[in-house]
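Asks: My questions will all concern the structure given below.
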Amino acid sequence: MSDPKRNPPDEITSPQVYFNRRNFIRAGILAASAVATGVAYRELNPIGTSTKKKIETAAISGIQTNSIAATNNDSGFFVNEEQTSYEKITHYNNFYEFSTDKEEVAEAAANFKTDGWKVSVEGLVQKTKVFDLDDILKIAPPEERVYRMRCVEGWSMVIPWVGFSLSKLLDAVQPLSSAKYVAFETLLDPMRMPGQKSAVLDWPYVEGLRMDEAMHPLTILASGIYGHALPPQDGAPIRLVVPWKYGFKGIKSIVRIKLIPAQPRTTWSDYAPNEYGFYANVNPHVDHPRWSQATEQRIGEFGRRPTLMFNGYEEQVGHLYAGMDLRKNF
Amino acid sequence: MKESDIRFGKLLILVNGLIPLALLIWDKSQNKLGANPQNFIILTTGMMTLIFLILTLAVTPLRKITGWNWLLQFRRMLGLFAFFYGSFHFLCFFSLDRAFSVSSTLSEMVKRKYLIIGSIALVSMIPLAITSTNRMIKRLGGKRWRALHRLAYVAATAGVIHYYMQVKADVRQPLVFAAALAILLGYRIWNFFLNRRPADVPVTAKK
Numbered sequence: 005m006s007d008p009k010r011n012p013p014d015e016i017t018s019p020q021v022y023f024n025r026r027n028f029i030r031a032g033i034l035a036a037s038a039v040a041t042g043v044a045y046r047e048l049n050p051i052g053t054s055t056k057k058k059i060e061t062a063a064i065s066g067i068q069t070n071s072i073a074a075t076n077n078d079s080g081f082f083v084n085e086e087q088t089s090y091e092k093i094t095h096y097n098n099f100y101e102f103s104t105d106k107e108e109v110a111e112a113a114a115n116f117k118t119d120g121w122k123v124s125v126e127g128l129v130q131k132t133k134v135f136d137l138d139d140i141l142k143i144a145p146p147e148e149r150v151y152r153m154r155c156v157e158g159w160s161m162v163i164p165w166v167g168f169s170l171s172k173l174l175d176a177v178q179p180l181s182s183a184k185y186v187a188f189e190t191l192l193d194p195m196r197m198p199g200q201k202s203a204v205l206d207w208p209y210v211e212g213l214r215m216d217e218a219m220h221p222l223t224i225l226a227s228g229i230y231g232h233a234l235p236p237q238d239g240a241p242i243r244l245v246v247p248w249k250y251g252f253k254g255i256k257s258i259v260r261i262k263l264i265p266a267q268p269r270t271t272w273s274d275y276a277p278n279e280y281g282f283y284a285n286v287n288p289h290v291d292h293p294r295w296s297q298a299t300e301q302r303i304g305e306f307g308r309r310p311t312l313m314f315n316g317y318e319e320q321v322g323h324l325y326a327g328m329d330l331r332k333n334f
Numbered sequence: 078m079k080e081s082d083i084r085f086g087k088l089l090i091l092v093n094g095l096i097p098l099a100l101l102i103w104d105k106s107q108n109k110l111g112a113n114p115q116n117f118i119i120l121t122t123g124m125m126t127l128i129f130l131i132l133t134l135a136v137t138p139l140r141k142i143t144g145w146n147w148l149l150q151f152r153r154m155l156g157l158f159a160f161f162y163g164s165f166h167f168l169c170f171f172s173l174d175r176a177f178s179v180s181s182t183l184s185e186m187v188k189r190k191y192l193i194i195g196s197i198a199l200v201s202m203i204p205l206a207i208t209s210t211n212r213m214i215k216r217l218g219g220k221r222w223r224a225l226h227r228l229a230y231v232a233a234t235a236g237v238i239h240y241y242m243q244v245k246a247d248v249r250q251p252l253v254f255a256a257a258l259a260i261l262l263g264y265r266i267w268n269f270f271l272n273r274r275p276a277d278v279p280v281t282a283k284k
């Protein structure tokens, strides 16, 4: 009889099989952990897998090829630099109302509807009016304006906007002489702009311009890019573009424009007054307290390029700030 | 734990630690790093550095709480991964952001507080990486080696501050790292006071 304490020889796993099984299990663990790590990486960085849907928005009809730009290169209306691709303009957005992640705004804003949009123009004007979007877009014919866009974070693009000078709207409502500033306000609707559910900024987003800045022909209300209506992530249906200022001055999805006697509060300046000023003119000589503004990463280019004074619009707007200390009024 | 299990554990860490790098390179080759790939690479390698620093610092508390002393066997590899990603992070900044310009890298580094602090984090990891071999542990002696390797606390703290300082407004992510670090360092402080034997504690100031 065999020893009962010992397994019969045929029940003992042979060392070969035992080690094979062990190796098999180990290979399984290794593969499973590798997949788990890969999935975790993808979850945290969805960028590599996100399929970028091309956003279809309506073509804007009747865009004027600007006669001033054609005859006069000094207008600044048409920057002769390579334009940033539509895909990049629509997938790299600072629009905290939807997401604080620039790469995720497009998806978060995809279902944003702008039907029945109204813009109230009010304050120190002869003709206070609540415009339907269509009516405000009829104030002046749409023009193509190709501007540099410099973000305060140190990157830049060249964007072919469609819009018209804000001055046309202001002229239409007839400002009173007591109007010294223009204040702008974004829609406040946390249901449609989910980023507003978090208190990362003080909602609604507000911005402002001095009257002469607002009246400058370079300052536009834009309703499109690349000849088509603005997609939600770029500030649909109507936004401000002030090309010589940092991007955050270009308030998006505007619902109110108010003419007022004194400098309005502005969102980023409220958030960190020592870092973001009211003027926020692009200035390579005045650094952000935490990072340099001397150079910029042009999206789509390798390496950094020098940042230009007033973003390259010094000739057109420098006189607005004559005699001002731009270090103090940053 | 058997020697072969430990070897396998190290292989697990090696493979999993390299996966983020592999995916980063793959996504780059597929042109899928978004509109600002330079920025994405620099940010991701920085995050990996912080993750590995946190994992390295988690070994001791976990070991003490669970009694799994074998965890210690993996700490060196985790720490070296932190150093690897940290060095890579710096190289990416030097090449992609500063376009290989030594002068602009240096002038930027001394001018920007967040870069000074980031440099402190990286530089403080250098002696740790150098003295990570068994021979160096022997040469220094356990006590001195452990004292030197407290620099890991400096590296992790500076690393988290370096990240926090660059965020414009949404500080949730750096705060997650800060919270993890606070727990890990808090545990050590707590332990330090708990383990002080009554004899060590002066009862009164009198002699």
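Line by line, the protein sequences give chains A and B. With my numbering, the residue at position 151 of the first sequence is 155, and numbering never jumps. With my numbering, the residue at position 186 of the second sequence is 263, and numbering never jumps. We put the beta carbon where it would ideally sit given N, CA and C, even for glycine.
(1) Contact criterion: CB-CB distance below 8 Å. Does Ala-176/B meet it with respect to chain C?
(2) On a Cα-Cα basis, can you pick out the residue from Arg-309/A, Ala-233/A, Val-321/A that is closest to Glu-147/A?
(3) I want to verify the contact list: residues of chain A whose CB lies under 7 Å from the CB of Ile-285/B, in sequence order.
(4) Who are the Cβ neighbours of Tyr-191/B in its own chain at under 7 Å, not counting the five residues just before and after it?
(5) Going along chain B, which residues have a C-beta under 9 Å from His-95/A?
(6) Report back the beta-carbon spacing between Asn-285/A and Phe-306/A to the nearest angstrom; my notes put them in contact at under 8 Å.
(7) If you follow the alpha helix (DSSP H) that Leu-289/B is part of, which residue opens it and which one closes it?
(8) Report, in whole angstroms, the separation of the C-beta atoms of Leu-213/A and Gln-200/A, which I expect to be a contact under 8 Å.
(9) Taking C-beta pairs closer than 9 Å, name the residues in chain A that Leu-88/B reaches, listed in chain order.
(10) Can you find a C-beta in chain B that's less than 8 Å from the C-beta of Val-204/A?
(11) Can you list the residues of chain A that Glu-185/B reaches, using a CB-CB cut of under 8 Å?
(12) So, is the C-beta of Lys-245/B closer than 8 Å to a C-beta in chain A?
(13) Beta-carbon separation of Leu-225/A and Leu-173/A under 8 Å?
(14) By the criterion of Cβ-Cβ separation under 8 Å, what are the contact partners of Lys-190/B in chain A?
(15) Quick check: is the beta carbon of Met-154/B nearer than 8 Å to any beta carbon in chain A?
(16) How about the region 142 to 161 of chain A and the region 88 to 103 of chain A: do they share at least three Cβ pairs that are nearer than 8 Å?
(17) For a quick check, are the C-beta atoms of His-166/B and Thr-122/B less than 8 Å apart?
(18) Considering only the beta carbon of each residue, do Val-186/A and Ala-218/A sit closer than 8 Å?
(19) Between the region 138 to 154 of chain A and the region 246 to 262 of chain A, are three or more C-beta pairs nearer than 8 Å?
(20) Just the C-alpha distance for Gly-218/B and Met-125/B, rounded to the nearest angstrom, thanks.
(21) For Gly-251/A, does the count of other Cβ atoms within 10 angstroms reach 16, so buried, or fall short, so exposed?
(22) Taking Cβ-Cβ distances shorter than 7 Å, what residues in chain A pair up with Val-92/B?
(23) On the three-pair Cβ rule with 8 Å, is the region 107 to 115 of chain B touching the region 195 to 215 of chain B?
Replies: Taking the coordinates as given:
(1) In the displayed structure, chain C is absent; the protein chains listed are A and B.
(2) Ala-233/A
(3) Residue 285/B lies beyond the residue range present for chain B, which begins at 78 and ends at 284; the question has no answer from this structure.
(4) His-239, Met-242, Gln-243
(5) Gly-111, Ala-112
(6) Incorrect: roughly 27 Å between the Cβ atoms, too far for contact.
(7) In the structure displayed, chain B extends from 78 to 284; residue 289/B sits before or after that span and is not available.
(8) Actually they do not touch by this definition, with Cβ atoms about 23 Å apart.
(9) Arg-30, Leu-34
(10) yes
(11) Ser-296
(12) yes
(13) yes
(14) Arg-294
(15) no
(16) yes
(17) yes
(18) yes
(19) yes
(20) 31 Å
(21) buried
(22) Leu-34, Ala-38
(23) no
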